[in-house]
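For the sequence shown, my numbering gives the first residue as 257, with consecutive numbering after it.
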Amino acid sequence: MTDEIVDGLRAFRAEAISRGLASEEVEAWIRGVLPAVYLAEGGDGPLVARIGGDPLLPPGAPKPSDPFVASVDLAALPPRATHLPLPADGHLLFFSGTDVQGTDGQVPDAVLYVPAGTPTTPTSLAHSRREPYRPRELRSVWHQPSAQMPESYALDRWGDFPEEEQFELADELSDAWARVGGYRPPWALQIGGHPVSPQNDPVHYARTPEEAGPCEPGGAAHEEDADDWALLATWRCGDDVTELDSGVAHWVIRHRDLMARRFDRVHRYVEMA
Numbered sequence: 257m258t259d260e261i262v263d264g265l266r267a268f269r270a271e272a273i274s275r276g277l278a279s280e281e282v283e284a285w286i287r288g289v290l291p292a293v294y295l296a297e298g299g300d301g302p303l304v305a306r307i308g309g310d311p312l313l314p315p316g317a318p319k320p321s322d323p324f325v326a327s328v329d330l331a332a333l334p335p336r337a338t339h340l341p342l343p344a345d346g347h348l349l350f351f352s353g354t355d356v357q358g359t360d361g362q363v364p365d366a367v368l369y370v371p372a373g374t375p376t377t378p379t380s381l382a383h384s385r386r387e388p389y390r391p392r393e394l395r396s397v398w399h400q401p402s403a404q405m406p407e408s409y410a411l412d413r414w415g416d417f418p419e420e421e422q423f424e425l426a427d428e429l430s431d432a433w434a435r436v437g438g439y440r441p442p443w444a445l446q447i448g449g450h451p452v453s454p455q456n457d458p459v460h461y462a463r464t465p466e467e468a469g470p471c472e473p474g475g476a477a478h479e480e481d482a483d484d485w486a487l488l489a490t491w492r493c494g495d496d497v498t499e500l501d502s503g504v505a506h507w508v509i510r511h512r513d514l515m516a517r518r519f520d521r522v523h524r525y526v527e528m529a
């Protein structure tokens, strides 16, 4: 944990206590915080990821069914920058369309891992449903803690039916967190951490059976593997995707599947504000 993160947590504790929040609740919030990496354009650092254009695929590899979003150089990420058991090197390639209807759930070719040293070549996905996204290079990197959205925190902290006062407490903790700098920096691609979502928490959604909504009771929150789900990445579509208003695409995976490199089990969710 860096000195900057330690100082940030100290400032959050002081801010929360000044608001009269119980230290037990403050520490519970901190325990839920996860490290994340935020990538953006600009800067003069090494190339960490690129968005858009044609993907670099191994010769003869099956073409993913959706447009290419991004390629992340895993060796360029800061060491231990996330809580995820990511490969130490190679590239993760992400794919997604912009259809918010019928695209939720497991998508076997939404993420592709290309091990380091694998020969690749630029590959046109002319069969996909749209033109390639605008090519961009991401060289700016922020490594900082990521807190849950207040509603997600309340559901995880107090179960399926938090009381109104508990939702209010979650909002107050979130506000104190943001007040001392716990907000996300400008970013295009997030790796790890907690999701920020205009609609539903994709991690909650992934662990909820189809017959229940993401925030409804009766989901898989009490099943053995509920806590195994984690955010792999989120892409903020921005102005490049005019058909979505404040659109985002999330890729979610179980820790055990990530450790086994079973990226064919990734779940993807596309939404807009």
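The C-beta atom is built at its ideal place from N, Cα and C for all residues, glycine as well.
These figures come from a predicted structure and were not determined experimentally.
Burial state of residue i, where buried means 16 or more other Cβ atoms lie within 10 Å
i	result
E271	buried
G469	Confidence at G469 is low in this model, with a pLDDT of 42, below 50, so its placement is unreliable and no value can be given for it.
L303	exposed
R275	exposed
I273	exposed
F350	buried
T354	buried
T464	buried
G475	Only weak support exists for where G475 lies, its pLDDT of 40 falling under 50; the value from the coordinates is given anyway. With 16 or more Cβ atoms within 10 Å of its Cβ, G475 is classed as buried.
H478	Unreliable positioning characterises H478 in this predicted model, as indicated by a pLDDT of 37, which lies under 50. The coordinate reading is nonetheless provided below. It counts as exposed.
D457	buried
R266	exposed
Boundaries (first-last residue) of the beta strand (DSSP E) holding residue i
i	result
S396	396-402
W433	Counting along the chain, W433 falls outside any beta strand (DSSP E), though it belongs to the alpha helix (DSSP H) covering 420-435.
V526	523-527
W443	Counting along the chain, W443 falls outside any beta strand (DSSP E), and DSSP gives it neither H nor E.
Supposed close pair residue i, residue j - CB separation, criterion 8 Å
i	j	result
T338	V293	6 Å
V459	R440	Rounded, the Cβ-Cβ distance is 16 Å, inconsistent with contact.
W443	R492	7 Å
S352	P388	About 12 Å separates the two Cβ atoms, so there is no contact after all.
A278	A305	Not confirmed; about 40 Å, so no contact.
S380	P406	Not a contact, Cβ separation roughly 43 Å.
Q455	E527	5 Å
Residue i - containing alpha helix (DSSP H), residue span
i	result
A462	458-462
E407	406-414
R512	511-515
The ligand PLP heavy atom lying under 7 Å from the CB of residue i
i	result
G309	The ligand PLP is not among the ligands present in this structure, which contains no ligands whatsoever.
Start-end ranges of the alpha helix (DSSP H) lying completely within the region 258-303, minimum 4 residues: Taking only runs of at least 4 residues, the alpha helix (DSSP H) segments lying wholly in the region 258-303 are 259-274, 279-287.
Three-pair Cβ contact test at 8 Å for the region 496-503 versus the region 513-525: By the C-beta criterion, the region 496-503 is judged not to be in contact with the region 513-525, since fewer than 3 inter-stretch pairs fall below 8 Å.
Cβ contact check for the region 386-399 and the region 361-375: 3 or more pairs under 8 Å: Using a Cβ-Cβ distance cut-off of 8 Å, the region 386-399 and the region 361-375 are not in contact, since fewer than three pairs of beta carbons, one from each stretch, lie closer than that value.
Validate contact between the region 481-496 and the region 507-514 using beta carbons, cut 8 Å, 3 pairs: In the pairwise beta carbon analysis, the region 481-496 is classified as touching the region 507-514: at least three pairs are separated by under 8 Å.
Cβ contact check for the region 397-406 and the region 427-445: 3 or more pairs under 8 Å: Result yes; three or more Cβ-Cβ pairs closer than 8 Å.
Unbroken stretches of the beta strand (DSSP E), 3 residues or longer, contained in the region 298-366: List check, beta strand (DSSP E) in window: 305-307, 324-329, 347-351.
The region 278-289 / the region 408-416 touching (three or more Cβ pairs under 8 Å): Judged by Cβ distances under 8 Å, the region 278-289 makes contact with the region 408-416, as three or more pairs qualify.
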